[in-house]
Amino acid sequence: PRARMSRAHRTMTGAAVRNHRCHHHHRRRLSLSPLLLLLLLLAVVASGAASLPTSRQHGHTSSSALRKLRLRPSATFRGRGTGTWAPATATRRDTRCHGTMNPGDLVLVTGSTGGVGQLVVANLLSKGYRVRAVTRSAEKGRELFGDAENLEVVVADQRFANSIDPHLEGVDGIVSCSGTTAFPSKRWDGDNGPEMTDKVGLHNLIEGAKKRKEKIKRFFLVSSTGVVRRKQFPFAIMNAFGVLDFKKLSEEYLEQSGLPYTIFRPGRLTDGPYTSYDLNTLLKATSGNRKNIEFSKEDNLNGEMSRVTLAEAIAQGIQLPQTENAILSMMSREGDGPGDEAARWDQLYQEILAK
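Just so you know, we're using the numbering used here here: the sequence shown kicks off at 615 and counts up by one.
Written out as structure tokens, the structure reads:
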């Protein structure tokens, strides 16, 4: 046998020969690894397809999937079942969409006594929702809302996590209407400037919602037009004290939270605030002959937005699955618009979000 060995083998020590043969045998074993990997993969697919992670969990897009996809910020993701695999021809729509609100659900509204918040509260109550209105002033809340049915007024300050967090227990959805002025004003008194209101306060609210992620069906955020164009004129002037910077940071924080969200970017707000109105009078408020609305999936609209129409858009959009994980700019336009007709709002949202 030694005579048939190569010259290289004959010069080796016995240990080296054993190592060489072992290495040769190891290479042969490695050549089988692709087949083994394929068999292993088939076994995993056959036995545990239902347990493989997906980019949709409980009806919303995970933050990691969102970062990978890098879709336009207004892209809409509809909920689908995550438990079992189904053929491509099967209907997989989950009728229990995680982000769909229904009358009777409890909605927490922050900034509830402000120009938009008071109208949102009135609209939600009129559509059969239960509302938990957050205010810093119990007196102002009682004066504005009285003892309306299905309404709970609570005193809290979302700039402090331990103040707002307890009031998130049991809620099904959140509408954030909090805000302050872009330039120094009396509303800034008591450390109520843009950073504390539009960043710190919102981050506390989002963190509290994340603790209850399995319960929250939708987080609706009222932001502002110009957050993407904040370095361009005239938005750079509006952003002199950072209000658009902080709003954009909170938008991104909400997008990455894993919560099902909707973000509205209205133009300069008109119609109201109706600070001396009661709930019944609020529902009669109109936006004149500018009741129509224009939506865009980009931050590219200029103009004004009626608070009345904005509040209706929120109350209608919160119950539609197509608005989940959508970001929309919006402006008021001449015309009648959809009014309070649910079917027309449904069609309007479907049309803009299908583009």
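In this text, a Cβ means the ideal position worked out from N, Cα and C, and glycines have one as well.
Cut-off 8 Å between Cβ atoms - residues of its own chain near residue i, not counting five sequence neighbours on either side
| i | result |
| --- | --- |
| Val768 | Arg746, Ala747, Val748, Thr749, His781 |
| Ile830 | Val785, Asp786, Gly787, Ile788, Ala823, Leu873, Pro874 |
| Phe855 | Ala796, Phe797, Pro798, Gly807, Pro808 |
| Leu739 | Val745, Ala762, Glu763, Asn764, Leu765, Leu893 |
| Val734 | Val723, Ser726, Val789, Cys791, Ala925, Ile928, Ala929 |
| Lys969 | Lys911 |
| Trp802 | Thr794, Thr795 |
| Met715 | Val721, Tyr743, Asp786, Gly787, Lys831, Arg832, Ile932, Gln933 |
| Gly728 | Cys791, Ser792, Gly793, Pro887 |
| Arg826 | Leu782, Glu783, Val785 |
Buried versus exposed, by CB contacts within 10 Å (16 or more), residue i
| i | result |
| --- | --- |
| Asp950 | exposed |
| Asn818 | buried |
| Phe774 | exposed |
| Ile932 | buried |
| Asn853 | buried |
| Gly760 | exposed |
| Pro880 | buried |
| Asp805 | exposed |
| Gly673 | At Gly673 the pLDDT is 34, less than 50, meaning the model places this residue with poor confidence and gives no usable figure here. |
| Ile820 | buried |
| Gly755 | buried |
| Glu828 | exposed |
| Ser890 | Legend: pLDDT at Ser890 = 49, less than 50; position of this residue unreliable, value from coordinates given subsequently. The residue in question, Ser890, is exposed, as its Cβ has fewer than 16 Cβ neighbours within 10 Å. |
| Glu938 | buried |
| Asp719 | buried |
| Phe847 | exposed |
C-beta contact flag for residue i and residue j at 8 Å
| i | j | result |
| --- | --- | --- |
| Phe909 | Leu868 | no |
| Arg598 | Glu948 | No statement about residue 598 is possible, as the shown extent of the chain runs from 615 to 969 and does not include it. |
| Ala940 | Thr876 | yes |
| Val841 | Lys813 | no |
| Val730 | Cys791 | yes |
| Ser837 | Glu865 | yes |
| Ser943 | Asn906 | no |
| Gly902 | Met945 | no |
Helix, strand or coil at residue i [DSSP, three-state]
| i | result |
| --- | --- |
| Ile788 | strand |
| Phe834 | strand |
| Ile592 | Residue 592 lies beyond the range of the chain shown here (615 to 969); nothing can be said about it. |
| Tyr743 | coil |
| Ala940 | strand |
| Phe797 | coil |
| Phe909 | strand |
| Thr884 | strand |
| Val842 | coil |
| Val734 | helix |
| Gly725 | coil |
| Leu915 | coil |
| Leu816 | helix |
| Gly822 | helix |
| Met810 | helix |
| Leu924 | helix |
| Arg773 | coil |
| Leu720 | strand |
| Gln961 | helix |
| Ser946 | strand |
| Ile851 | helix |
| Ile877 | strand |
Neighbourhood of residue i by C-beta, 6 Å cutoff - its chain only, sequence neighbours within 5 removed
| i | result |
| --- | --- |
| Asp771 | Arg750, Ser777 |
| Ile966 | Phe909 |
| Gln964 | Gln936 |
| Leu816 | Ser864 |
| Arg882 | Glu918 |
| Ser871 | Ile820, Lys824 |
Neighbourhood of residue i by C-beta distance below 7 Å, restricted to the same chain and skipping five residues each side
| i | result |
| --- | --- |
| Pro952 | Arg958, Trp959, Leu962 |
| Val857 | Ala796, Pro808, Asp812 |
| Glu970 | Here the chain has residues from 615 to 969 only, and residue 970 is not among them. |
| Lys845 | none |
| Leu934 | Asp960, Tyr963 |
| Thr923 | Ser901, Lys905, Ile907, Ser946, Gly951 |
| Ala850 | Arg844 |
| Ala956 | Gln930 |
| Asp859 | Arg844, Asn853 |
| Met810 | Arg773 |
| Asp779 | Gly822 |
CB contact below 8 Å: residue i versus chain C
| i | result |
| --- | --- |
| Leu934 | No chain C is present in this structure, which holds just one protein chain. |
For the region 746-770, list the beta strand (DSSP E) runs that are entirely contained and at least 3 residues long, ordered along the chain. Given a length threshold of 3 residues, each whole run of the beta strand (DSSP E) inside the region 746-770 is given here in chain order: 765-769.
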